[in-house]
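Below is one structure, written out as structure tokens; comments come after it.
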Amino acid sequence: MSSIGTGYDLSVTTFSPDGRVFQIEYAAKAVDNSGTVIGIKCKDGIVLGVEKLIASKMMLPGSNRRIHSVHRHSGMAVAGLAADGRQIVARTKSEATNYDSVYGEPIPVKELAERVASYVHLCTLYWWLRPFGCGVILGGYDRDGPQLYMVEPSGVSYRYFGAAIGKGRQAAKTEVILLSISIVGFLLAFRPGRLDQCMRILSLCSLGVWGGEIEKLKLTDMTCRQGVIEVAKIIYGVHDEAKDKDFELEMSWVCDESNRQHQKVPDELLEEAKAAAKAALEEMDAD
Amino acid sequence: MDQKMDFNAPHSMGTTIIGVTYNGGVVLGADSRTSTGVYVANRASDKITQLTDNVYVCRSGSAADSQVVSDYVRYFLHQHTIQLGQPATVKVAANLVRLLSYNNKNFLETGLIVGGWDKYEGGQIYGVPLGGTIVQQPFAIGEMEDEILKNHCSIEHCFPGSGSSYLYGFFDQAWKEGMTKDEAEDLVKKAVSLAIARDGASGGVVRTVIINSEGVTRNFYPGDQLPLWHEELEPQNSLLDILGAPEPMNI
Chain A
1 MSSIGTGYDL
11 SVTTFSPDGR
21 VFQIEYAAKA
31 VDNSGTVIGI
41 KCKDGIVLGV
51 EKLIASKMML
61 PGSNRRIHSV
71 HRHSGMAVAG
81 LAADGRQIVA
91 RTKSEATNYD
101 SVYGEPIPVK
111 ELAERVASYV
121 HLCTLYWWLR
131 PFGCGVILGG
141 YDRDGPQLYM
151 VEPSGVSYRY
161 FGAAIGKGRQ
171 AAKTEVILLS
181 ISIVGFLLAF
191 RPGRLDQCMR
201 ILSLCSLGVW
211 GGEIEKLKLT
221 DMTCRQGVIE
231 VAKIIYGVHD
241 EAKDKDFELE
251 MSWVCDESNR
261 QHQKVPDELL
271 EEAKAAAKAA
281 LEEMDAD
Chain B
1 MDQKMDFNAP
11 HSMGTTIIGV
21 TYNGGVVLGA
31 DSRTSTGVYV
41 ANRASDKITQ
51 LTDNVYVCRS
61 GSAADSQVVS
71 DYVRYFLHQH
81 TIQLGQPATV
91 KVAANLVRLL
101 SYNNKNFLET
111 GLIVGGWDKY
121 EGGQIYGVPL
131 GGTIVQQPFA
141 IGEMEDEILK
151 NHCSIEHCFP
161 GSGSSYLYGF
171 FDQAWKEGMT
181 KDEAEDLVKK
191 AVSLAIARDG
201 ASGGVVRTVI
211 INSEGVTRNF
221 YPGDQLPLWH
231 EELEPQNSLL
241 DILGAPEPMN
251 I
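The structure is reproduced here in structure tokens:
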């Protein structure tokens with residue numbers, strides 16, 4: 001729901017009469033216009049996937065990476081303004097290494113997410129700074145298991161089973177909600193600014209309506225190997241051929257199979273995922 | 001030669017400290033003597049200090065230095081626990097101790113043994129000796145400390161090695177993997193009392209702290225509850241008894 005906050009949207013230090021900070025909402029719009037970024041938490045790890053819209057045919061494939069390793073055990077996928085994203089990744093890497101040198105252990109993912117979130121939030125507090133125009137999905141595997149967090153330009157950070165940001169997030173999330181079992185007790189919130197949507201989703205989930213008919217897969221039973229295929233399918237599915245040009249699929253994982261290290265998905269698995277995704281698309285088109 | 005005693009000389013803990021892991025937790029043990037030169041400043045000190053609910057540290061060397069290091073680490077760990085939302089791990093506590101020890105090695109003179117229990121790795125012992133090394137061990141014996149007592153006339157330099165150096169041979173023989181809690185505590189008690197018997201810089205009572213998943217237990221063993229060693233034993237079949245007690249001399 002977009003609205004213009006005439007007069008109250010000139011500075012991030014101004015509230016509107018109905019209690020909104022428009023600059024932050026505009027920053028979120030920058031994220032919404034970027035290529036889709038998805039993260040899912042499987043039984044044994046995390047899978048991150050990015051729909052990298054190719055700006056020019058002269059770009060080298062594999063360049064302009066959108067997923068970065070921030071520490072041995074964690075990685076971050078960025079959506080929105082690329083330069084802003086670089087800044088956040090650099091800061092995250094620095095926080096992670098600093099924690100390791102002081103406390104002698106890899107930074108717990110929860111702690112890392114909190115630090116990223118407070119850094120992003122910091123830039124919404126002063127008039128001489130502008131908010132970050134990017135959202136990040138942070139996935140890591142620490143001694144409490146695999147965890148997935150999403151940080152938005154407002155500085156909120158929640159923990160998720162599955163998260164999506166960017167152009168195709170609504171379509172992807174519908175698929176991803178269907179992929180997950182909502183287990184009571186975990187924080188599951190999409191679009192936290194939109195309480196009405198949240199309540200609707202939650203009530204539908206608890207009624208079992210949503211889950212009932214179209215719940216395809218269960219993330220809690222899925223391994224990362226299977227998760228990679230599913231993420232590829234979703235990204236290919238939400239890509240809009242008409243509006244956008246070509247895209248390149250970039251994926252990473254951190255799971256038991258990768259020895260709890262964050263790394264690019266191995267090439268053969270990536271090719272397998274792409275093939276499966278294309279095949280699924282043909283099937284859908286054929287119907 | 002001279003009986004001059006400087007009560008303002010740095011208090012040193014010529015010490016015996018021990019940390020031992022067992023099947024399910026750790027046992028920390030220490031003697032209780034704090035000396036200033038040859039004067040025993042405190043004969044019942046508590047050298048096992050709490051850092052968090054589940055991590056304790058045995059202090060040796062300069063009493064002041066070890067107290068200050070413990071205080072700083074307790075402060076940092078407290079904040080860390082709040083931030084983390086769960087108890088800190090033993091490894092993190094030990095790492096904080098060694099960072100302070102290493103980065104201030106020119107100013108500090110303290111050897112520490114960090115021991116505790118956490119839900120990820122169970123019972124662990126980390127030795128942090130003088131220079132700021134950190135080494136995880138199944139058992140650790142008190143670090144050497146030597147106090148340079150500048151103001152004391154007769155002794156320039158206490159001999160290096162506290163009571164703990166007398167224990168290496170004993171541990172090589174007596175320690176085994178996978179002991180029960182009682183076996184481990186017995187071992188610690190025996191070891192500390194052996195060191196007290198042989199080391200002039202150790203003495204007093206034996207204090208032990210047992211840390212496991214259920215919590216922390218503090219024990220206190222005064223002299224009469226400790227085993228006697230060798231020359232401390234009552235004479236048996238001594239010639240002196242046979243000949244009868246000599247008449248006291250009357251002048």
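Keeping their order, the protein sequence lines are chains A and B. If you use full-length UniProt numbering, the first sequence closes out at 287, no skipped numbers anywhere. If you use full-length UniProt numbering, the second sequence closes out at 251, no skipped numbers anywhere. Ideal Cβ placement from N, Cα and C applies to all residues, glycine included.
Straight-line gap, T217(B) to S252(A) (C-alpha atoms, nearest Å): Cα-Cα distance, rounded: 48 Å.
Under a CB-based cut-off of 8 Å, is F159(B) close to chain A? No answer about F159(B) holds up, because its pLDDT of 35 lies below 50 and its placement is not dependable.
Would you mind sorting F139(B) into buried or exposed? The rule is 16 or more other CB atoms within 10 Å of its CB. It is buried - the Cβ of F139(B) has at least 16 other Cβ atoms within 10 Å.
Nonlocal neighbours in the same chain, by C-beta distance under 7 Å from Y120(B), ignoring five residues either side: These residues qualify, in order along the chain: T89.
Scan the region 102-161 of chain A and note each continuous beta strand (DSSP E) run of 3 residues or more that stays entirely inside, going in chain order. Within the region 102-161 of chain A, the complete beta strand (DSSP E) runs of at least 3 residues are 134-142, 145-151, 157-159.
Counting only Cβ pairs nearer than 8 Å, list the residues of chain A close to N95(B). Residues of chain A passing the Cβ test: V102, Y103, G104, E105.
Quick check: is any heavy atom of the ligand HEM less than 7 Å from the C-beta of V114(B)? No copy of the ligand HEM appears in this structure; indeed no ligand is present at all.
For S238(B) and chain A, any beta-carbon pair shorter than 8 Å? Not an interface residue.
According to DSSP, which residues form a beta bridge with L251(A)? Rather than Leu, the amino acid found at residue 251(A) in this sequence is Met. Residue pairing for M251(A): DSSP places it in a beta bridge opposite G49(A).
Please classify D240(A) as buried or exposed, where buried requires at least 16 other C-beta atoms within 10 Å of its C-beta. Classification for D240(A): exposed.
I'd like to know whether the C-beta atoms of V114(B) and V69(B) end up nearer to each other than 8 Å. Cβ distance not < 8 Å, so V114(B) and V69(B) don't count as in contact.
Three-state secondary structure assigned by DSSP to S74(A): Strand at S74(A).
Take E247(B) and list the residues in its own chain whose beta-carbon comes closer than 7 Å to its own, dropping the five residues that flank it on each side. Short of 7 Å from the beta carbon of E247(B), and not among the five residues preceding or following it, lies no beta carbon of its own chain.
Contacts of T110(B) in chain A (Cβ-Cβ under 8 Å): Result: empty, since nearest Cβ-Cβ is about 19 Å, beyond 8 Å.
Output needed for D9(A): all residues of its chain with C-beta closer than 8 Å, excluding positions within five of it in sequence on either side, in chain order. Taken in chain order, the residues that qualify are S16, F22, Q23, Y26.
Pull up the distance between the alpha-carbon of K47(B) and that of I125(B), whole angstroms please. Going by the C-alpha atoms only, they are around 16 Å apart.
Please list the residues of the region 79-91 of chain B that have a C-beta atom closer than 8 Å to any C-beta atom in chain A, keeping them in chain order. If the cut-off is 8 Å between Cβ atoms, the region 79-91 of chain B has H80, Q83, L84, G85, T89, K91 near chain A.
In chain order, what residues of the same chain have a beta carbon less than 6 Å from the beta carbon of I211(B), not counting five sequence neighbours either side? Taken in chain order, the residues that qualify are G25, V26, G116, W117.
Between Y103(A) and K173(A), what straight-line distance do the alpha-carbon atoms span, to the nearest angstrom? In a straight line, the C-alpha of Y103(A) is about 37 Å away from that of K173(A).
Could you list which residues in chain A have their beta carbon closer than 8 Å to that of L99(B), in chain order? Going along chain A in sequence order, the residues near L99(B) (Cβ under 8 Å) are V102.
Please report how far the alpha carbon of E257(A) lies from the alpha carbon of E272(A), in whole angstroms. About 17 Å.
Would you decide whether S118(A) is buried or exposed? Buried here means 16 or more other CB atoms lie within 10 Å of its CB. Around the beta carbon of S118(A), fewer than 16 other beta carbons sit within 10 angstroms, so the residue counts as exposed.
Restricting to Cα atoms, I'd like to know which of N106(B), L99(B), V92(B) is closest to E105(A). Looking at the Cα atoms, V92(B) is the closest of the given residues.
Looking at the C-beta of S143(A), does it have a partner C-beta in chain B at a distance below 8 Å? What sits at residue 143(A) in the sequence shown is Arg, not Ser. Closer than 8 Å to some Cβ of chain B, the Cβ of R143(A) qualifies, so yes.
Is there a Cβ of chain B sitting closer than 8 Å to that of E111(A), yes or no? True, the Cβ-Cβ gap to chain B drops below 8 Å.
Limits of the beta strand (DSSP E) - the one that N95(B) falls within: Counting along the chain, N95(B) falls outside any beta strand (DSSP E), though it belongs to the alpha helix (DSSP H) covering 90-103.
Let me see if you follow: with CB-CB separation under 8 Å, is Y120(B) close to chain A or not? Y120(B) counts as touching chain A.
Buried or exposed (CB count within 10 angstroms, at least 16 for buried), D2(B): Any reading at D2(B) needs caution, since the residue's pLDDT is 49, under 50, leaving its predicted position unreliable; the model's value is listed next. Label assigned to D2(B): exposed.
Kindly list the residues whose CB is nearer than 6 Å to the CB of G29(B), restricted to its own chain and excluding five residues on each side of it in sequence; keep chain order. Correct list, in chain order: I18, V188, V192, T208.
Compile a chain-ordered list of the residues in the region 134-168 of chain A whose CB is closer than 8 Å to at least one CB of chain B. Residues of the region 134-168 of chain A that bring their beta carbon within less than 8 Å of a beta carbon in chain B comprise R143, in sequence order.
Pair every Cβ in the region 173-186 of chain B with every Cβ in the region 127-134 of chain B, then say whether three or more of these pairs are closer than 8 Å. No, the region 173-186 of chain B does not touch the region 127-134 of chain B.
Helix, strand or coil, according to DSSP, for R207(B) in the structure here? If DSSP states are grouped into helix, strand and coil, R207(B) belongs with the strands.
Would you kindly work out how many angstroms separate the C-alpha atoms of D246(A) and L53(A), rounded to a whole number? Approximately 6 Å between the Cα atoms of the pair.
CB of G142(B) within 8 Å of CB of S60(B), strictly: Contact: yes.
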